[in-house]
Amino acid sequence: MTAQPEHRDPALPPMGTLTELRTALRRHGFPGDAETFEQELAAANLDDLAAVRGIVQAYRHRVTLHCTPEAMEALARSTDDVEAELRRKLAAEGGR
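Numbering (the working numbering), first residue to last: -7 to 88.
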């Protein structure tokens, strides 16, 4: 059996190990992410692999959001803009 190549977005930093994730959080995460990640990991039961995996996945997602221009644009939208879009979509569905 051969190893499968890793398929990842070249715009994203490597996050395949805890060391890489820690580096990505320091360089590309939101303010405070690296410290909060360490606190959550320290508080977790390391024998509960599902809990540890959940923490890691959540912080990988945060780095991904921060490195993806479309995600950052969506996060920057105002509440009024999102509300207006939802109203337009609901009105369009109501007219069917």
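Every residue, glycine too, gets a C-beta built ideally from N, C-alpha and C.
Note that the structure is a prediction, hence the values are computed from the model and not measured.
* Does the beta-carbon of residue 55 have 16 or more other beta-carbons within 10 angstroms, so that it is buried, or is it exposed? -> Residue burial annotation: residue 55 is buried, with at least 16 other C-beta atoms found within 10 angstroms of its C-beta.
* Asked: Does DSSP classify residue 64 as helix, strand or coil?
  -> Looking at residue 64 - three-state DSSP - the assignment turns out to be helix.
* Starting from residue 29 and walking both ways along the alpha helix (DSSP H), at which residues does that stretch end? -> Unbroken alpha helix (DSSP H) run through residue 29: 25 to 35.
* Quick one: grab the DSSP three-state call for residue 8. => Of the three classes helix, strand and coil, the one that applies to residue 8 here is coil, per DSSP.
* Over what stretch of residues does the alpha helix (DSSP H) that includes residue 54 continue unbroken? -> 41 to 59 is the extent of the alpha helix (DSSP H) around residue 54.
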